[in-house]
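Enquirer: Residue numbering for the sequence shown follows the working numbering, starting at 18 and increasing by one per position.
Note that CB positions come from ideal geometry on N, CA and C, so glycine has one too.
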Amino acid sequence: MAIQTIQSVNEMQSHSIGLRSSGHLIGLVPTMGSLHEGHLSLIDIAKEKTDKVIVSIFVNPTQFGPNEDFDKYPRTLKEDCEKCHQRGADIIFNPTIQEMYPGGYSTFVEEEQISSGLCGVSRPHHLRGVTTVCLKLFNITRPDIAVFGRKDAQQCAVIRKMVLDLNIPTEIVVGPTQRDADGMATSSRNAYLSDKQRKEALNISNSLQIARDMVNSGTKSVDRIVAEVIHHLSHSRRIRVIYVQVVDRSTMEPAREILPGTQQLCVAAWVDQTRLIDNIEL
Ligand code: AMP
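1) Excluding sequence positions up to five away, which residues of its chain have a Cβ less than 6 Å from the Cβ of K178?
2) Look up D86 in the DSSP assignment and say whether it is helix, strand or coil.
3) Is L225 closer than 8 Å to D295 when the C-beta atoms are compared?
4) Starting from K69, trace the beta strand (DSSP E) both ways and give me its first and last residue.
5) To the nearest angstrom, report how far apart A11 and N220 are at their CA atoms.
6) DSSP puts C283 in a beta bridge; with which residues?
7) Could you say which of G40, I74, Y118, D61 lies nearest to S51 if we only look at CA atoms?
8) Using the Cα positions of I176 and M18, report the straight-line distance between them to the nearest angstrom.
9) Tell me whether the beta-carbon of C136 lies closer than 8 Å to the beta-carbon of A285.
10) Apart from the five residues just before and just after Y209, which ones in its own chain have a Cβ nearer than 6 Å to its Cβ?
11) Does the beta-carbon of K216, which I'm using as the reference point, lie nearer than 7 Å to any heavy atom of the ligand AMP?
12) Write down the C-beta distance between K95 and L57 rounded to the nearest angstrom, noting that I regard them as a contact closer than 8 Å.
13) Taking the straight line between their C-alpha atoms, what separation do you get for S222 and T203?
14) Check V180 in the structure and name its three-state DSSP category.
15) Taking the alpha-carbon of R273 as reference, which of V263, A63, S205 has the nearest alpha-carbon?
16) Would P160 and I275 be called neighbours here (beta carbons separated by less than 8 Å)?
17) Using a Cβ-Cβ cut-off of 7 Å (strictly less than) and excluding sequence neighbours within five positions of T22, which residues of its own chain qualify?
18) Going by other Cβ atoms of all chains shown within 10 Å of its Cβ, with 16 needed for buried, is S31 buried or exposed?
19) Kindly indicate which three-state DSSP category T291 falls into: helix, strand or coil?
20) Just the C-alpha distance for G192 and Q171, rounded to the nearest angstrom, thanks.
21) Which runs of the alpha helix (DSSP H) fall wholly inside the region 93 to 162 and span at least 4 residues, in chain order?
22) Hey, is L315 close to the ligand AMP, as in C-beta under 7 Å from one of its heavy atoms?
23) Taking the runs of the beta strand (DSSP E) that are 3 residues or longer, which of them lie wholly in the region 203 to 273?
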């Protein structure tokens, strides 16, 4: 039997309300599809904590800038449905753009502090698009918990803050970053990389490891760690650094000195035409 797929906002909302009133706990895993082990691990977490797991698959136009990769973003709905089914999800919510943003749509949700640094600088409207679509997905699917991946650490912090500030009755759970055997974080955008580019992109996760090793061996200077990471990335002529920053894990404020257990190093970089992000807790 195929997994239940819902496209209509009204149908999804009334289905969720029905599930809740019959006593089910709902878990939501919001995604843009092209599912990989990172997404699937979040389904596992949602299944542990709830008894009805909804996976939303929606390439959200409002979180892409005008010259970004919205058009070429990989769309693999058939395979995604199969993966969700195999992993034990219950429902796929796959609305059209028209369903989510009908003509005349004009309301956006914006977190103003945590969103201001890191990706907020190079992708000015990205996090506003993320908070807007997540609040809409929360209102449509009424989840008891929603599961996000640490790979998008700033996004997790912003969603947590939105839930706190707007009194949203959904618990936010964050799952660990899933990596390929060589350490590279799984990402839908890895599909853009040729073998050569992927090899160079591996420098990103390797550089995070270098930072972790420096902290483990007692380095306290954030400047030294950042310089070392940038130096490592500069060996690759395909890589252009967007940012390398040590920040507090919950506020995303830049750190001056290492306080082990409270911070993370975040990296964003272009590998030729592909923008990748990764981070490591220090
Ligand atoms: P996306 O489809 O890229 O918007 O991601 C959907 C969710 O999957 C977000 O919560 C991401 O943080 C999470 N995610 C993406 N890549 C990974 C990964 N490698 N490990 C864990 N979670 C991930």
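Expert: Short version:
1) The residues E128, I131, in chain order, have a CB closer than 6 Å to that of K178 in the same chain once the five nearest residues on each side in sequence are set aside.
2) Looking at D86 - three-state DSSP - the assignment turns out to be coil, as it is neither helix nor strand.
3) The answer is yes: Cβ separation under 8 Å.
4) For K69, the enclosing beta strand (DSSP E) begins and ends at 69 to 74.
5) In the structure as shown, the chain begins at 18 and stops at 299. Residue 11 is therefore absent and cannot be evaluated.
6) The partner list for C283 (beta bridge, DSSP) reads Q262, N296.
7) Nearest neighbour of S51 by Cα position, chosen from G40, I74, Y118, D61, turns out to be I74.
8) For the pair I176 and M18, the Cα-to-Cα distance works out to about 34 Å.
9) Here C136 is near A285, since their CB atoms are less than 8 Å apart.
10) The answer, listed in chain order, is T291.
11) K216 Cβ: outside cutoff for every heavy atom of the ligand AMP.
12) Contact doesn't hold; Cβ gap of about 16 Å is too wide.
13) Straight through space, the alpha carbons of T203 and S222 are spaced by roughly 11 Å.
14) DSSP places V180 in helix when its eight states are reduced to three.
15) Nearest option by C-alpha distance: V263.
16) Contact: no.
17) Only residues of its own chain outside the window of five on either side were considered, and among them C98, I109, N111 have a CB closer than 7 Å to the CB of T22, listed in chain order.
18) Around the beta carbon of S31, a 10 Å sphere encloses fewer than 16 other beta carbons of the protein chains shown; the residue is thus reported as exposed.
19) DSSP places T291 in strand when its eight states are reduced to three.
20) When rounded, the distance between both Cα atoms is 14 Å.
21) The DSSP assignment places 94 to 104, 114 to 117, 136 to 139, 143 to 158 as complete runs of the alpha helix (DSSP H) inside the region 93 to 162, in order along the chain (cut-off: 4 residues).
22) This structure does not reach residue 315, given that the chain is present from 18 up to 299, and the question cannot be answered.
23) Those beta strand (DSSP E) runs which fall completely within the region 203 to 273 and span 3+ residues are 256 to 265.
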